[in-house]
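Novice:
Numbering (our numbering), first residue to last: 1 to 270.
Written as structure tokens, this is what we have:
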């Protein structure tokens with residue numbers, strides 16, 4: 001058997017294996033009950049572009065991919081902050097990149113919530129890792145951008161075991177993002193989950209609303225010491241969630257995508 005034939009056989013085997021994983025791929029993967037309040041569907045969520053020219057194509061791809069949802073559209077607008085600070089803007093998501101340092105994380109998504117309603121969000125890509133192997137590939141950049149933006153919709157992961165066969169979703173952790181199958185884009189179950197999350201309508205909207213805690217916007221939330229309490233960690237520690245509770249139902253929630261070998265929750269240089 002030639003190498004080409006072997007590669008084709010491997011691709012077919014992996015695709016077949018992924019198809020045999022309904023228990024994983026069909027699991028609920030909402031980020032709790034958090035969602036944007038809105039009075040009609042589909043609603044349009046603005047993505048503030050604070051990324052540089054390297055990341056711009058990946059933001060465009062993620063925006064186009066998620067706009068395929070029947071309940072949610074996204075549109076890219078001028079950023080309201082800078083990559084380093086990445087301050088949130090009420091009623092939308094700010095997307096940023098910067099060399100945030102050797103703090104362990106590849107990507108970071110944060111939502112500000114009032115009760116179960118998301119009021120604003122940020123998605124950050126850490127160039128300290130993405131400028132170096134293995135994370136300086138187009139496949140990793142597409143995966144991380146797609147996933148971090150989607151966390152700000154209220155989506156969680158389909159699978160957190162990076163050694164499992166790829167599910168063909170950017171909401172699936174993997175050490176081989178381009179597969180096969182590729183984990184660089186959403187899949188049908190991601191769109192089904194969005195429909196389930198946004199099937200009801202609200203009597204008010206948080207899209208374009210005022211922030212619940214203006215003073216909280218002046219803090220830097222890229223440091224683990226500012227994330228509050230660890231509320232979930234995957235078995236391999238590559239994924240973690242934190243909750244900072246301001247009381248009165250107001251919280252900041254952080255979703256962390258740790259780099260390989262840096263999944264320690266907190267670091268000595270926080």
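No residue lacks a Cβ here, since even glycine has one placed at the ideal position from N, Cα and C.
Leaving aside the five residues before and after residue 34 along the sequence, list all residues of the same chain whose C-beta is less than 8 Å from its C-beta, in chain order.
Specialist: 111, 113, 116, 117, 118, 154, 253.
Novice: Can you tell me the Cα-Cα spacing of residue 210 and residue 222, whole angstroms?
Specialist: When rounded, the distance between both Cα atoms is 22 Å.
Novice: What would DSSP say about residue 210, mapped onto helix, strand or coil?
Specialist: Coil.
Novice: Does the count of Cβ pairs from the region 190 to 197 and the region 225 to 240 closer than 8 Å reach three?
Specialist: Because the criterion of three Cβ pairs below 8 Å is not met, the region 190 to 197 and the region 225 to 240 do not touch.
Novice: Tell me which residue opens and which closes the beta strand (DSSP E) that residue 242 is part of.
Specialist: Residues 239 to 247.
Novice: Reducing DSSP to helix, strand and coil, say where residue 205 ends up.
Specialist: The answer is coil: DSSP assigns residue 205 none of H, G, I, E or B.
Novice: What did DSSP end up calling residue 66 once you bin it into helix, strand or coil?
Specialist: Helix at residue 66.
Novice: Between which two residues does the beta strand (DSSP E) holding residue 128 run?
Specialist: It is not in any beta strand (DSSP E) - residue 128 instead sits in the alpha helix (DSSP H) that spans 127 to 130.
Novice: Considering only DSSP beta bridges, list what residue 107 is partnered with.
Specialist: 125, 257, per the DSSP bridge assignment.
Novice: If you measure between the beta carbons of residue 259 and residue 135, is that distance less than 8 Å?
Specialist: Yes, these two residues count as a Cβ contact at 8 Å.
Novice: Return helix, strand or coil for residue 199, following the three-state DSSP convention.
Specialist: Three-state DSSP puts residue 199 in coil, outside helix and strand.
Novice: Does the pairing of the region 126 to 140 with the region 94 to 106 give three or more beta-carbon distances under 8 Å?
Specialist: Yes, the region 126 to 140 is in contact with the region 94 to 106.
Novice: Can you name the start and end residues of the alpha helix (DSSP H) that residue 146 belongs to?
Specialist: Per DSSP, residue 146 belongs to the alpha helix (DSSP H) from 138 to 151.
Novice: Compare the Cα-Cα distances from residue 63 to each of 145, 239, 38 and report the closest residue.
Specialist: Checked all of 145, 239, 38; the closest Cα to residue 63 is 145.
Novice: Using the three-state DSSP reduction, which class does residue 43 fall into: helix, strand or coil?
Specialist: Strand, per DSSP.
Novice: Round the Cβ separation of residue 275 and residue 173 to the nearest angstrom and send it over; I've been treating them as touching at under 8 Å.
Specialist: Only positions 1 to 270 of the chain appear in the structure, and residue 275 is not among them; the question remains open.
Novice: Tell me whether residue 190 is buried or exposed, calling it buried when 16 or more other Cβ atoms sit within 10 Å of its Cβ.
Specialist: It counts as buried.
Novice: Can you tell me the Cα-Cα spacing of residue 68 and residue 46, whole angstroms?
Specialist: Approximately 15 Å, taken between the alpha carbons.
Novice: Grab me the residues of residue 169's own chain with a C-beta within less than 8 Å of its C-beta, minus the 5 sequence neighbours each way, in chain order.
Specialist: 25, 158, 183, 185, 186, 187, 189, 190, listed in sequence order.
Novice: Excluding sequence positions up to five away, which residues of its chain have a Cβ less than 6 Å from the Cβ of residue 164?
Specialist: Nothing meets the Cβ criterion.
Novice: What are the boundary residues of the beta strand (DSSP E) that includes residue 74?
Specialist: Looking at the DSSP string, the run of the beta strand (DSSP E) that includes residue 74 is 72 to 78.
Novice: Would residue 123 and residue 93 qualify as a contact pair, given that the criterion is a beta-carbon distance under 8 Å?
Specialist: For residue 123 and residue 93, yes; Cβs fall inside 8 Å.
Novice: Is residue 225 helix, strand or coil when you go by DSSP?
Specialist: Of the three classes helix, strand and coil, the one that applies to residue 225 here is helix, per DSSP.
Novice: State the DSSP-derived secondary structure class of residue 167, mapped to helix, strand or coil.
Specialist: Coil.
Novice: From the DSSP output, read off the bridge partner residues of residue 155.
Specialist: Answer by DSSP bridge pairing, in chain order: 30.
Novice: Starting from residue 94 and walking both ways along the beta strand (DSSP E), at which residues does that stretch end?
Specialist: Counting along the chain, the beta strand (DSSP E) containing residue 94 begins and ends at 93 to 98.
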